[in-house]
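Please read the structure below before turning to the comments.
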Amino acid sequence: MAANAPIIDLKGIDVTFKEADRTVRAVKNVDLEVAKGDIYGIVGYSGAGKSTLVRVINQLQRQTSGKVTVSGQNMGALKGKALRQARTKIGMIFQHFNLMNERTIGDNVMFPLLLGSKLSRHDKQAKVDELLDLVGLSEKKNDYPAQLSGGQKQRVAIARALANDPEILISDEATSALDPKTTSSILDLLKNLNEKLGLTVVLITHEMQAVKSICNKVAVMQSGEIVERGDLLTIFSKPTQQLTREFIETSSQIDAALANVVAQPSIQHLQANERLVVLSYAGASTDDPLIAQLYEQFKVTPNILFGNVEILQNTPVGNLGLVLSGAGDAVDKALAYVKEQGVSVRQINVAEYQAELARKAAEADTNAEGEA
Amino acid sequence: MTTILAMDFWTSIMPNVVANKDVFIQSTWETIYMTLVSGIIAGILGIIIGIALVVTAPGGILANRTTYWILDKLVNIFRSIPFIILLAVIAPFTRLLVGTSIGTTAALVPLTIGTAPFYARQVQNALVDVDRGIIEAAEAVGASPMQIIFRVYLREALPDLIRTSVVTVISLIGLTAMAGAIGGGGLGNTAISIGYDRFENDITIMAMIIILAIVFIIQILGDLWARKTDHR
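Line by line, the protein sequences give chains V and A.
Quick note: the first sequence, position 52, residue 52 per my numbering, numbers continuous.
Quick note: the second sequence, position 147, residue 519 per my numbering, numbers continuous.
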């Protein structure tokens with residue numbers, strides 16, 4: 001394997017499920033490259049094909065077509081013992097932890113070592129102790145999973161996933177069943193393992209918040225396809241797809257702020273020379289006195305409605321909701337200037353936005369009924 | 373003095389039981405023998421078939437449509453035959469296997485064949501209840517199908533397997549009561565051929581009491597064991 005080859009390389013992956021009356025194409029011609037040391041986030045709503053896609057990496061799901069290369073090995077060609085051996089180098093954690101209820105915490109972590117590891121009994125015990133120490137649960141060794149909280153169970157699952165010293169860890173919605181505080185502690189642990197052990201992490205989630213806090217790269221999935229991908233900052237500051245924007249807005253609560261704003265009578269009756277815009281910017285542009293420039297250069301008055309700044313990978317990323325008002329085409333000129341400064345601009349048509357909100361609410365209700 | 377008085381007491385309320393003490397000792401032993409031997413053989417068969425049903429079922433770790441279909445139908449057929457008919461129907465097979473179709477040992481064959489499919493279904497139900505995610509996690513760390521069967525399925529389902537085994541043994545004790553029809557002896561036979569047929573009611577009642585005692589002991593021990601192994 002070349003030194004700079006991706007540790008995970010998926011090429012043209014298709015996964016089709018045949019059911020009695022129809023075939024479902026869960027993953028459609030997906031290419032994905034994950035470099036060693038990446039924390040790669042894959043975001044999408046449920047049913048987007050994320051779980052199916054990541055299961056192709058360790059071949060828990062065989063692809064219908066396409067090529068899977070992990071650490072230089074063609075996974076699709078592996079069978080039986082060789083496949084099981086390859087799987088020991090790919091750890092996996094799950095939404096519902098999947099711990100064995102009838103084994104103690106120590107025995108759960110021991111489990112992967114009982115399957116053919118050449119370590120002596122003493123070394124295995126030492127390995128279990130070391131792993132439990134790593135996830136901070138040494139004192140729970142003789143407890144059973146039922147006695148642990150969700151966050152603790154996920155830590156045990158992480159220790160188990162690391163027992164065979166994998167190079168890759170796949171996290172399948174691992175924080176989705178946890179409360180926000182526990183979620184961030186688990187994410188911190190993953191980040192820590194990534195830095196300390198050089199572990200490559202593939203993290204699937206429907207929460208952009210999780211991606212935002214630890215990933216360096218993101219792919220957004222919809223109906224079996226990756227619709228947008230890139231490094232975290234680019235995706236967050238310059239999303240090109242509607243779905244990506246939705247995820248970002250939900251995670252930074254811009255959508256909630258906008259929904260509030262458009263409900264205001266003063267916003268619903270904007271004058272002809274007034275414009276509702278959301279400015280998104282990353283890095284250096286946050287330092288410039290941009291808002292002051294709007295007035296000084298273009299005599300455009302910005303009325304700030306809401307705003308937030310987040311730090312992603314040590315870089316500030318901000319969103320600002322404004323109503324701009326100015327004479328003639330001053331507002332258009334001002335916005336062109338803002339764009340030149342590397343700030344992305346989204347103009348919002350209040351009536352259309354409200355209609356969109358109503359449509360989505362109705363859709364969500366239908367989905368909820370469908371699931372119930 | 374007290375012993376004689378107590379003896380008098382029993383003789384007065386259960387005269388026939390006291391007179392047939394040896395019959396009771398023998399038939400209790402026959403019931404235990406039939407339950408134990410056929411229970412062990414049917415237990416092994418049932419566990420093997422139950423495991424095979426779970427792993428070959430669609431979506432199982434060794435999914436195989438044909439094997440599953442055949443096993444599933446066989447289990448259904450044998451479960452559907454009333455035991456008293458099974459006794460008669462498989463008599464030639466019994467003779468082939470143990471040399472005779474009459475007696476306690478001969479009763480072991482239909483008892484085993486009558487119980488194994490029932491137990492297989494119970495084992496299957498217990499194993500199917502093991503969370504699919506736990507199996508997937510084991511596959512993800514590189515466990516082989518055999519390792520998954522022995523180290524995950526049987527281990528995780530142990531409390532349910534114990535409960536299920538208790539139910540099966542109790543139903544097996546019920547079946548041994550019918551073994552009298554082919555000269556298998558046992559407490560059921562004593563209750564019918566001596567107690568009922570000769571109108572010696574105390575014998576019928578005593579046979580029932582002993583069977584109930586055996587059932588209760590098994591139930592209590594089984595419950596204790598299941599609770600001890602259950603950590604969910």
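Even for Gly, the Cβ is constructed at its ideal location relative to N, Cα and C.
Inter-residue distance for Ala-35/V and Arg-346/V is about 33 Å (C-alpha atoms, whole angstroms).
Cβ proximity to chain A below 9 Å picks out Phe-94, Gln-95, His-96, Phe-97, Asn-98, Leu-99, Met-100, Asn-101, Glu-102, Arg-103, Thr-104, Phe-111 from the segment 94-111 of chain V.
Across the set Ile-413/A, Thr-439/A, Gly-415/A, Phe-396/A, the C-alpha of Thr-439/A shows the shortest separation from the C-alpha of Leu-425/A. For Met-406/A, the number of other beta carbons within 10 angstroms of its own is at least 16, and it is reported as buried. Secondary structure at Asn-74/V: strand, using DSSP grouped into helix, strand and coil.
The bridge partners DSSP lists for Pro-316/V are Ile-311/V.
Beta-bridge pairing by DSSP links Asp-332/V to no other residue. Within the segment 529-540 of chain A, the residues whose Cβ lies closer than 8 Å to some Cβ of chain V are Leu-530, Pro-531, listed in chain order. If you ignore the 5 residues before and after Gly-556/A, its C-beta comes within less than 6 Å of the C-beta of Thr-476, Ala-479, all in its own chain and listed in chain order. Below 8 Å, too few C-beta pairs join the segment 133-152 of chain V and the segment 44-63 of chain V to call them touching: fewer than three. For Pro-531/A, the number of other beta carbons within 10 angstroms of its own is at least 16, and it is reported as buried. Contacts with chain A at 9 Å (Cβ-Cβ) do not include Arg-22/V. The closest CA to that of Asn-108/V, considering only Gly-49/V, Ser-120/V, Leu-119/V, Lys-124/V, is found on Lys-124/V.
For Ile-474/A, no beta strand (DSSP E) segment is defined, and its DSSP state is neither H nor E.
In this structure Thr-52/V is buried. Its beta-carbon is surrounded by 16 or more other beta-carbon atoms within 10 angstroms. In the DSSP assignment, Gln-222/V falls within the beta strand (DSSP E) that extends over 217-222. Gln-347/V carries a strand assignment under DSSP once its states are collapsed to helix, strand and coil. Collapsing the DSSP output to three states places Ala-358/V in a helix. Among the CB atoms of chain A, none fall inside 9 Å of the CB of Ala-159/V.
The bridge partners DSSP lists for Met-580/A come to none. The residue among Val-15/V, Asp-31/V, Ser-184/V with its C-alpha nearest the C-alpha of Gly-49/V is Val-15/V. Met-110/V: member of the alpha helix (DSSP H) spanning 105-110, first to last residue. For Ser-65/V, the closest of Lys-127/V, Ala-26/V, Ala-20/V by C-alpha to C-alpha distance is Ala-26/V.
For the C-beta of Thr-205/V, not a single chain A residue is nearer than 8 Å; the gap to the nearest is close to 17 Å. Gly-91/V is not a Cβ neighbour of Pro-6/V, given a cutoff of 9 Å. Considered as a whole, the segment 407-466 of chain A harbours 437-452, 455-461 as its complete alpha helix (DSSP H) runs of no fewer than 4 residues, in chain order. One finds Asn-98, Met-100 in chain V with Cβ atoms closer than 7 Å to the Cβ of Ile-506/A, taken in chain order. Going by DSSP, Arg-229/V is part of the beta strand (DSSP E) stretching over 225-231. Interface annotation for the segment 509-531 of chain A against chain V: Ala-509, Ala-510, Glu-511, Ala-512, Val-513, Gly-514, Ala-515, Ser-516, Gln-519, Arg-523, Val-524, Arg-527, Glu-528, Ala-529, Leu-530, Pro-531, criterion Cβ-Cβ distance under 9 Å. Listed in chain order, the positions of the segment 583-604 of chain A with a beta carbon within less than 9 Å of a beta carbon of chain V are Thr-601, Asp-602, His-603, Arg-604. Contact note: Arg-84/V reaches chain A through Gly-514, Ala-515, Ser-516, using a C-beta cutoff of 8 Å and chain order.
The segment 481-497 of chain A makes no contact with the segment 137-155 of chain V; the number of CB pairs closer than 8 Å stays below 3. Between Asn-74/V and chain A, the shortest Cβ-Cβ separation is not below 9 Å.
Linking Ile-42/V to Glu-173/V through their CA atoms gives a straight-line distance of about 10 Å. Judged by DSSP secondary structure, Arg-275/V falls within the beta strand (DSSP E) whose first and last residues are 274-282. In this structure, Gly-558/A sits near Thr-403/A, with a CB-CB distance shorter than 9 Å.
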